[in-house]
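**Student:** Top line first, the protein sequences correspond to chains D and C.
Residue numbers are given in our numbering: position 119 of the first sequence equals residue 119, and the series is strictly consecutive.
Numbers in our numbering are just positions in the second sequence, counted from 1, shifted up by 1000.
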Amino acid sequence: MAKILLEMKNITKTFPGVKALDNVNFQVEEGEIHALVGENGAGKSTLMNVLSGIYPYGTYEGDIIYEGETCRFNTIRDSEAKGIVIIHQELALVPEMSIGENMYLGNERGKKAFIDWGTTYAEADRYLKMVGLSESSKTLVREIGTGKQQLVEIAKALAKNARLLILDEPTSSLNEEDSRALLDLMLGFKKRGMTMIIISHKLNEVSYVADKITVVRDGSTIETIDNHDHNIDEDRIIRGMVGREITNRFPKRENVKIGEINMEVDHWTVHHPLYPERKVVDDVSLYVRKGEVVGIYGLMGAGRTELAMSIFGQSYGTLTGGTLKLDGKEVRLKKSPRDAIRHKIAYVTEDRKGNGLVLSQSIKINTSLANLDSLASGTVIDKDKEYQVAEEYREKLSIKTPSVEQLVGNLSGGNQQKVLLAKWMYAEPDILILDEPTRGIDVGAKYEIYCIINDLAAAGKSVIMISSELPEVLGMSDRIYIMNASKIIGEMKASEASQESIMAEILKSGRGA
Amino acid sequence: MKNNPALEFAKKNMMVIALVIVVIFFSISTGGKILYAQNINNLISQNGYVFILATGMLLCILTGGNIDLSVGSVVCFVGAVGAVMMERNIPFIAAVLVMLVVGMLIGMFQGFWIAWISVPPFIATLAGMYAFRGFSNVVLQGFTISVENKAFLDIFGGGATCYIPDFLHGGDFNITCMLAGIILVGLYICITVGGWLKSRKKGLTDKVQTSEILRLAAVSALFLWIFYKLANYKGIPTVLIWIGLILVLYGYITKYTAIGRYFYAVGGNEKATRLSGVNTKLVYFIAYANMGLLAGLAGILTIARQANAQPTFGQGYEMDAIAACFIGGASAYGGVGKVTGMIIGAVLMGVINQGMSIMGISTNYQRAVKGVVLLVAVLVDILSKKEKA
Chain D
1 MAKILLEMKN ITKTFPGVKA LDNVNFQVEE GEIHALVGEN GAGKSTLMNV
51 LSGIYPYGTY EGDIIYEGET CRFNTIRDSE AKGIVIIHQE LALVPEMSIG
101 ENMYLGNERG KKAFIDWGTT YAEADRYLKM VGLSESSKTL VREIGTGKQQ
151 LVEIAKALAK NARLLILDEP TSSLNEEDSR ALLDLMLGFK KRGMTMIIIS
201 HKLNEVSYVA DKITVVRDGS TIETIDNHDH NIDEDRIIRG MVGREITNRF
251 PKRENVKIGE INMEVDHWTV HHPLYPERKV VDDVSLYVRK GEVVGIYGLM
301 GAGRTELAMS IFGQSYGTLT GGTLKLDGKE VRLKKSPRDA IRHKIAYVTE
351 DRKGNGLVLS QSIKINTSLA NLDSLASGTV IDKDKEYQVA EEYREKLSIK
401 TPSVEQLVGN LSGGNQQKVL LAKWMYAEPD ILILDEPTRG IDVGAKYEIY
451 CIINDLAAAG KSVIMISSEL PEVLGMSDRI YIMNASKIIG EMKASEASQE
501 SIMAEILKSG RGA
Chain C
1001 MKNNPALEFA KKNMMVIALV IVVIFFSIST GGKILYAQNI NNLISQNGYV
1051 FILATGMLLC ILTGGNIDLS VGSVVCFVGA VGAVMMERNI PFIAAVLVML
1101 VVGMLIGMFQ GFWIAWISVP PFIATLAGMY AFRGFSNVVL QGFTISVENK
1151 AFLDIFGGGA TCYIPDFLHG GDFNITCMLA GIILVGLYIC ITVGGWLKSR
1201 KKGLTDKVQT SEILRLAAVS ALFLWIFYKL ANYKGIPTVL IWIGLILVLY
1251 GYITKYTAIG RYFYAVGGNE KATRLSGVNT KLVYFIAYAN MGLLAGLAGI
1301 LTIARQANAQ PTFGQGYEMD AIAACFIGGA SAYGGVGKVT GMIIGAVLMG
1351 VINQGMSIMG ISTNYQRAVK GVVLLVAVLV DILSKKEKA
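1. How is G409 (chain D) classed by DSSP in three states: helix, strand or coil?
2. Using the Cβ count rule (16 or more neighbours within 10 Å means buried), how would you classify L1222 (chain C)?
3. Leaving aside the five residues before and after M1342 (chain C) along the sequence, list all residues of the same chain whose C-beta is less than 6 Å from its C-beta, in chain order.
4. At which residue ranges does the stretch 352-395 of chain D contain complete alpha helix (DSSP H) runs of 4 or more residues, listed in the order of the chain?
5. If I measure Cβ to Cβ from G321 (chain D) and keep anything under 8 Å in the same chain, skipping five residues before and after, which residues do I get?
6. On the three-state DSSP scale, how would you describe F1109 (chain C)?
7. Taking a Cβ distance cut-off of 9 Å, strictly less, list which residues of the stretch 353-372 of chain D are near chain C, in chain order.
8. Spell out the partners DSSP gives M1356 (chain C) in its beta bridges.
9. What beta strand (DSSP E) runs, 3 residues minimum, are completely inside the stretch 217-258 of chain D?
10. Considering G322 (chain D), what are the terminal residues of the beta strand (DSSP E) in which it resides?
11. Out of C:Y1049, C:G1337, C:I1106, point me to the one whose CA is closest to I1241 (chain C)'s CA.
12. If the cut is a Cβ gap below 8 Å, which residues of chain C does I381 (chain D) touch?
13. Return the first residue and the last residue of the alpha helix (DSSP H) that F1285 (chain C) is part of.
14. Taking all protein chains shown into account, do 16 or more other C-beta atoms lie within 10 angstroms of the C-beta of S1136 (chain C), making it buried, or fewer, making it exposed?
15. My output table needs one value for L1059 (chain C): the three-state DSSP class, helix, strand or coil.
16. What do you reckon, are the CB atoms on C1162 (chain C) and P1237 (chain C) nearer than 8 Å?
17. Counting only beta-carbon separations shorter than 8 Å, does I341 (chain D) have a partner in chain C?
18. Give me the subset of the stretch 1234-1247 of chain C whose CB atoms are less than 8 Å from a CB atom of chain D, sorted by chain position.
19. With DSSP collapsed to three states, give me the class of L474 (chain D).
20. From the DSSP secondary-structure annotation, give me the bridge partner or partners of V85 (chain D).
21. By the criterion of Cβ-Cβ separation under 9 Å, what are the contact partners of P337 (chain D) in chain C?
22. Does any residue of chain C bring its CB to less than 8 Å from the CB of T14 (chain D)?
23. So is D384 (chain D) in contact with chain C if we call contact Cβ pairs under 8 Å?
24. Short check: CB of G298 (chain D) to CB of M476 (chain D), under 8 Å?
25. Taking V1102 (chain C) and V1075 (chain C) to be in contact with their CB atoms under 8 Å, please state how far apart those CB atoms are, rounded to whole angstroms.
26. Say whether the stretch 304-311 of chain D touches the stretch 344-363 of chain D, bearing in mind that this needs 3 or more beta-carbon pairs closer than 8 Å, one atom from each stretch.
27. Does the CB of Y515 (chain D) have a neighbour CB from chain C at under 8 Å?
28. With burial defined as no fewer than 16 other Cβ atoms inside 10 Å of the residue's Cβ, what is the status of W1225 (chain C): buried or exposed?
29. Residues in the same chain with beta-carbon distance under 8 Å from L369 (chain D), minus the five sequence neighbours each way, listed in chain order, please.
30. M503 (chain D) bridges to which residues according to DSSP?
31. Step through the CB atoms of chain C and report whether any lies within less than 8 Å of the CB of S315 (chain D).
32. In its own chain, which residues sit with a C-beta less than 7 Å from the C-beta of K335 (chain D), not counting the 5 before and 5 after it?
33. Please confirm whether S1199 (chain C) has its beta-carbon closer than 8 Å to some beta-carbon of chain D.
34. Quick one: grab the DSSP three-state call for C1190 (chain C).
35. Looking at the unbroken alpha helix (DSSP H) that takes in R479 (chain D), where does it start and where does it end?
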């Protein structure tokens, strides 16, 4: 048996209100490629952030043992000094700098007051050759494609003398060809004795490169599967990923009365706002009926958020085709969220802190923000009425706070999410698009949010719930659309769908592409 | 750690406490001179422009820490235009209207680039700062033009008669002034208490906080004292009426109107606000158009006070306005800040200036002290927030 290079023992990491990692144990042998798989939010990235010192020693419990000694990393620099280098999913390159400058950013060659550019570029060129890039290291990063940028990231890691390389979703933004090249590069490194950890959603890739596969679920490591023969059955991994039992995690839907079609989207196509040649939503058609909860399942980056935001007054991307029908009549919304709100559509964002709430303001002010007109006679706000409205929703959604004057930034994630819902419920929409409505909140608050969703549907609203949590989609929806790579690839009745059938659908389309 | 109520109070009213300490300090070091009626009068008259400009600046800062560097130059330019018009015997009302409109047009011009073309405010207004300083010189042809229109000077607080006359002829004691003060404070108390009663009737709040009552009493007493002092001097300076009108109006706008709310929301989270159906670009535009309008008013007050227009007027005004906002607790990232805080910031700077002038400290040191005060005020703000996180 090979030597154990890294061992993470009993790692527990808590965020306010959420236990992200719960007593995790994880071992990596020297010279292997070890894959970490699991659903979004399972805790893979958190685990790697603990390892690389992004969450410094002391903010988590447990031990990291690397090359036989216990490590206490306080910054990324500490872990990098030991040869542990992480490459994040989002590329961290400065577009306006050359490849060489990027590779040695923060790690400059030469003396403190004098950067030796000759050495920098010569060394950079050497590492670029190792990753199979023929570009000069003086090329600006913005001039090369994402596939090559990913390789530059790897070259950058090599330049730091990496012994343990961690790749977080390295192929998520690459096409098939580039992905394959990258995986082969990894296999090449392995032959030279490098140890690697790869996080990926693409199980076919995992099966292709990984020697061992560790499944993470709900903040715990579930099992480690041996894959030395590189022929593991993907269903075997899926079972591990989704294998939890569902017992009353979702409230029962009562008095389900599904009415007529309320909103219909036909052949909806949206292009990326910055790269107009990229289609982010490709010929999508869907509909939702009154009183119905429709789930849209897809992994991150499948185009779900882009679809929702483009329906919501084209607040994302450029709409290049498609029609929107409300109550059977075709409607052309202006390029403004205001127009969408006027047509009784609400979009509850997945990014409550970035796009949803004004954290520096009170619950009251956030609740009224999307429908201030109804509180303002002319232009003057009726402050008493505003207070009453905020109180009403605080009670209705049981937002836990001493007062509605409390700043939203001081609330827990679950309560913030409720404030966000309150804001959009007060806008009195007929159609609610909820984007990851339970992301980053604990189980109890999730249940309460589910109840609110059911109440909304029972009141005759149409609810579209976007989620990357399969059990949630299955437990809450009447009907499910499956989205992958900008397209709707399947539609199922919830009663006929299962976790395996949905996952299989996605994998099928992934192979076909 | 437990929340100490005294500590909480101190944190919330940091700048008020600082102001009180500064006033006490100067009272002692100037032998009480700073509290003379004449000095209080001067404090108001000399700093009129700061209050007006800082009000406009506050709205810009609220939208995201954006500032307007051009206001000093705009003040000068608008003043130059008005002075030239009045010199040519154009009726002063026309001149005043033109000055306000020109100010607002300049603001709209800059606001257009900022809001719709996304030119960074710093750059758009830096350009304006250079350009309108230049245009001022062109309009004045490098000379000082005196303003002699009596009605204009009377209304906007210049010359010898820039006080509200005492209609009640109290001799040495200006009864009109004192009466006005009493009426204003009475109104203030009525409105505040009325508000309490109303919300209690609707069952919105159960109890009026002691701190609220204390604040009402303190503010009322302070105002009565100021009017008493002014009554002992020459009465209400005309410029105080303009300052008062603007502060009350904008205090109201920021607190009670939808557009006022949007300034905070845009600064707090622009994306969330846009997705809530608010036209955020229009909000930026309005902030800068309004800044121009108020710069126009400040220009009017400036040439009235000096009774002339010079190509150097308004230099550094933008910095005074910005400093007043930040000292008054506005966040450099936007979304946080109040008109009342800004007033305290402006007064604090004014008191420090005046106190040091009375003590005979050179203007160079005054500037250095101003700089230190600004840094300390912002530091306190940042550190007190860090503690919370």
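All C-beta atoms in this analysis are idealised placements derived from N, C-alpha and C, irrespective of residue type, glycine included.
Everything numeric in this text was worked out from a predicted model, so none of it was measured.
**Tutor:** With the given structure in hand:
1. helix
2. exposed
3. A1054, L1058, A1324, C1325, G1328
4. 363-368
5. H267, W268, T269, D283
6. helix
7. K353, G354, N355, G356, L357, V358, L359, S360, Q361, I365, N366, S368, L369, A370, N371, L372
8. Paired residue(s): none; M1356 (chain C) is not in a bridge.
9. 220-226
10. 318-326
11. C:Y1049
12. Y1256, T1257, A1258, R1261
13. 1280-1306
14. buried
15. helix
16. yes
17. yes
18. none
19. helix
20. D:L165
21. R1274, L1275, S1276, G1277, V1278
22. no
23. yes
24. no
25. Not quite, the Cβ-Cβ distance comes to about 11 Å (not below 8 Å), so this is no contact.
26. yes
27. Past the boundaries of the shown model lies residue 515 (chain D); chain D is included only from 1 to 513, so the question cannot be answered.
28. exposed
29. V358, K423
30. Answer by DSSP bridge pairing: none, since M503 (chain D) is not bridged.
31. yes
32. G313, Q314
33. yes
34. helix
35. Looking at the DSSP string, R479 (chain D) is not in any alpha helix (DSSP H); the run it does join, the beta strand (DSSP E), is 479-484.
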